[in-house]
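For reference, the structure is listed below as structure tokens.
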Amino acid sequence: MPLNSCHPDAPHIKLKAPDWYVSALMLDRALDAILRRLKKLDREHDIPYLAGYSQDGKTIYIDRHLPKSFTFRGRTIEVDRFLILHEEVEKTLIDQLGLHYLHAHQIATRAEEAAVNAERITWKAYDRFMQKYVKSIGDERLTKVPADLDLKPYRDYHDYDLMQRMVQHIDEAPGTSAKLREELKSYAAAFRAQHRDAQRASAKPARQGKKVAPGVVDNPGRTGKTGAVRPPRKRRQSA
Numbered sequence: 005m006p007l008n009s010c011h012p013d014a015p016h017i018k019l020k021a022p023d024w025y026v027s028a029l030m031l032d033r034a035l036d037a038i039l040r041r042l043k044k045l046d047r048e049h050d051i052p053y054l055a056g057y058s059q060d061g062k063t064i065y066i067d068r069h070l071p072k073s074f075t076f077r078g079r080t081i082e083v084d085r086f087l088i089l090h091e092e093v094e095k096t097l098i099d100q101l102g103l104h105y106l107h108a109h110q111i112a113t114r115a116e117e118a119a120v121n122a123e124r125i126t127w128k129a130y131d132r133f134m135q136k137y138v139k140s141i142g143d144e145r146l147t148k149v150p151a152d153l154d155l156k157p158y159r160d161y162h163d164y165d166l167m168q169r170m171v172q173h174i175d176e177a178p179g180t181s182a183k184l185r186e187e188l189k190s191y192a193a194a195f196r197a198q199h200r201d202a203q204r205a206s207a208k209p210a211r212q213g214k215k216v217a218p219g220v221v222d223n224p225g226r227t228g229k230t231g232a233v234r235p236p237r238k239r240r241q242s243a
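For the sequence shown, the working numbering assigns the number 5 to the initial residue and increments by one for each residue that follows.
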């Protein structure tokens, strides 16, 4: 047996358990490992589309109004772990592999869905619960946004209006430095110019009727953060 195998001194023995059980068990252990590495979980702010992460990746944010659990077929299902998995995977793929947000988001969504299914929960029920609490542009509850929330997902999704509203409600806590506020203003200004140019470029096609890019579903899905490939389902849209 090669020395670079997972267990060079032990033979591969078929476990006396169904394959689905082994897969679910391994996924659950992987999820627990990710949760143990989490540095900080914050549930004190308003987070568009339910969850997000800080710019340095050390804090995972979950919206303060999202209940920590829901009931599914008589069982109490805690949801934080699934959202943490999604955000950790997404942030890592963006920062470590340089993936575009939309691509990283799709992979993170698949991981989240697999974890939900491994707990014998239907994605449809999970999604239905999440959809009740999604905050988007114009939501009056979106008033307390953390100052270090990573805005890249909203920029990459070209959600200009939402990002503008978020910047207006950045938490003015003592830890919010003048430098950070200046960076956010610069970020928003650059996005504003991009938004203006995009509007000008689309003005003529708009008069000819609405067009959707090939391979893109004209439906934002669960969080509205992705008009993604695959039948309409974002992090919170039934498959």
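The beta carbon of each residue, even a glycine, is placed where N, CA and C say it ideally should be.
Around the beta carbon of M30, fewer than 16 other beta carbons lie within 10 angstroms, which makes this residue exposed.
According to the DSSP secondary-structure assignment, I38 is paired through a beta bridge with no residue. Residue environment: H104 is assigned as exposed (fewer than 16 neighbouring CB atoms within 10 Å of its CB, all protein chains considered). Taking a C-beta distance under 9 Å as the contact criterion, H90 and T113 qualify as a contact pair.
With respect to the 9 Å criterion, L39 and R79 are not classified as neighbours on the basis of their beta carbons. Linking T147 to D36 through their CA atoms gives a straight-line distance of about 32 Å. Less than 9 Å separates the beta-carbon of L54 from that of Y137. With at least 16 other beta carbons inside 10 angstroms of its own, P52 counts as buried.
Taken atom to atom, the span from the alpha-carbon of I64 to that of S27 is near 26 Å.
When secondary structure is reduced to three states using DSSP, K95 falls in the helix class.
Comparing alpha-carbon positions, the option among L155, V149, K62 and K156 lying closest to R68 turns out to be V149. About 5 Å separates the Cβ atoms of V93 and A115, confirming a contact at the 8 Å cut-off.
Counting along the chain, L54 sits inside no alpha helix (DSSP H), nor does DSSP assign it H or E at all. The residues G61, in chain order, have a CB closer than 8 Å to that of D99 in the same chain once the five nearest residues on each side in sequence are set aside. A Cβ-Cβ separation of about 5 Å places Y57 in contact with D154 under the 8 Å criterion. Close CB contacts of I111 within its chain, under the 7 Å cut and outside five residues either way in sequence, are with V93 and L97 (chain order).
Per DSSP, S27 has no beta-bridge partner at all.
Contact annotation: K128 and D50 have beta-carbon atoms that are not nearer than 9 Å. When beta bridges are read from the DSSP output, L70 appears opposite no residue.
In this structure, DSSP gives K44 an extended state, which the three-state scheme calls strand.
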